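Take the sequence shown: its position 112, counting from 1, is numbered 111 in numbering that gives the first Met the number 0, and each next residue is one higher.
Virtual Cβ for every residue (Gly too), placed ideally from N, Cα, C.
No experiment lies behind these values; they were computed from the predicted model shown.
Structure first, commentary second.
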Amino acid sequence: MGKFQVIDHPLIQHKLTIIRDKNTGTKVFREVVNEIAMLMAYEVSRDMPLEDIEIETPVAQSTQKTLTGKKVAIVPILRAGLGMVDGILELIPAAKVGHVGLYRDEETLQAHEYFFKMPEDIDNRQIFVVDPMLATGGSAIMAIDSLKKRGASNIKFVCLVAAPEGVRALQEAHPDIDIFTAALDDHLNKHGYIVPGLGDAGDRLFGTK
Ligand code: URA
């Protein structure tokens, strides 16, 4: 079973409270989502492999560490996942970005794919699938299904707020992936919203309703 980690750093928890607050407007919401994503990227990338290289400092010859291994692709699930991309790129600027477009049928809560565009070496990259909300898990499961069908194998899922129902569903469908969240909330309500949650992440990011 992959890892499930709540990243409970005080800075992240503080910023999460700001975006949960219904009085936080679009501009601040967008900025703080990116800040949280950047801070999470620090922890999500903790197991990136390093190798030794020889360099010369102004003072001496020295063996030092440099990143090696797979390059990263960030894959936001449209549209709310877009809100996390710039924050992660702050820390991993060489990452490529693929997009999965899914919409949720408001009645059945089922996810449908309408767009899929990836870097061509996706099978050879460490992939961070990002979506602020892990609710039923339907979108995350479908996005990861699509990625695996195209040869991707090294996948982590990163969200801001998760419902226990979504975590369970994602772990059952894809037991090999690691899941990172900033919070594990109480439950889903009958409309598919996470409680207490933060409302509709896409609407709050883009100022729609
Ligand atoms: N998607 C959202 O944006 N918010 C929720 O609470 C659940 C799914």
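For Gly86, the uninterrupted alpha helix (DSSP H) run begins and ends at Val84 to Leu90, by DSSP.
Val129 is a Cβ neighbour of Met83, given a cutoff of 8 Å.
No residue range can be given for Ile176, since it is assigned to no beta strand (DSSP E) and is classified by DSSP as neither H nor E. With a 10 Å radius around the Cβ and a threshold of 16 neighbouring Cβ atoms, Thr135 comes out buried. If you check the CB distance, Leu146 and Ile178 do not come in under 8 Å. Taking the Cα positions, Val58 is about 39 Å away from Val96. Within 7 Å of the C-beta of Ala161 there is not a single heavy atom belonging to the ligand URA. For Gln170, same chain residues with a beta-carbon under 8 Å away, outside a window of 5 residues either side, are Met0, Gly1, Phe3 and Ile178 in chain order. In its chain, beyond the 5 residues on either side, Asn123, Arg124, Gln125 and Asn153 have a beta carbon closer than 8 Å to the beta carbon of Lys69. In its chain, beyond the 5 residues on either side, Met47 and Leu49 have a beta carbon closer than 7 Å to the beta carbon of Leu66. Taking a cut-off of 8 Å on C-beta distances, the segment 193-207 touches the segment 17-28, as three or more cross pairs fall below it.
By the Cβ-count criterion, Pro131 is buried, with 16 or more other Cβ atoms from all chains shown falling within 10 Å of its own Cβ. Under the 10 Å beta carbon count, Ser61 is surrounded by fewer than 16 other beta carbons and is classified as exposed.
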